[in-house]
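Enquirer: Pasting a structure here, questions to come.
In my numbering, the protein residues as written are 438 to 533.
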């Protein structure tokens, strides 16, 4: 059954020239897309949400968050709000 599920592959490249590919079920991209988003925009949204969520968890629910880590978390939250037009807390209902 799982072999019947169509997949799609996205290529990721960084400023330093490193690259990676990630393959995911195509239907999941369609499932979380909003409006007329492209597949790449949808994956970008999910990626930023994932980094923001992980950073939030480490800083606010983990241990030993130093000033540098807190600054990284603050920056990803700013980028989140720029992209989505709402704060991470507003988007997730998880506010401190």
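Ideal Cβ positions, reconstructed from N, Cα and C, are used throughout, including at glycine.
1) Output the distance between the C-alpha atoms of residue 458 and residue 465, rounded to the nearest integer angstrom.
2) Mapping the DSSP letters down to three states, classify residue 445 as helix, strand or coil.
3) Closer than 7 angstroms, CB to CB, is residue 445 near chain B or not?
4) Could you check whether residue 507 and residue 496 sit closer than 7 angstroms to each other, using their CB atoms as the reference points?
5) Bridge partners of residue 479, per DSSP?
6) Less than 8 angstroms between the CB atoms is what I'm expecting for residue 462 and residue 442, so what's the real figure, rounded?
7) In this structure, how does DSSP classify residue 524 when only helix, strand and coil are distinguished?
8) Tell me the DSSP secondary structure of residue 457 in three-state form.
Expert: Taking the structure as given:
1) 17 angstroms
2) Correct three-state label for residue 445: strand.
3) You won't find chain B in this structure, because it holds only one protein chain.
4) yes
5) Its beta-bridge partners do not exist; DSSP assigns none.
6) 5 angstroms
7) coil
8) strand
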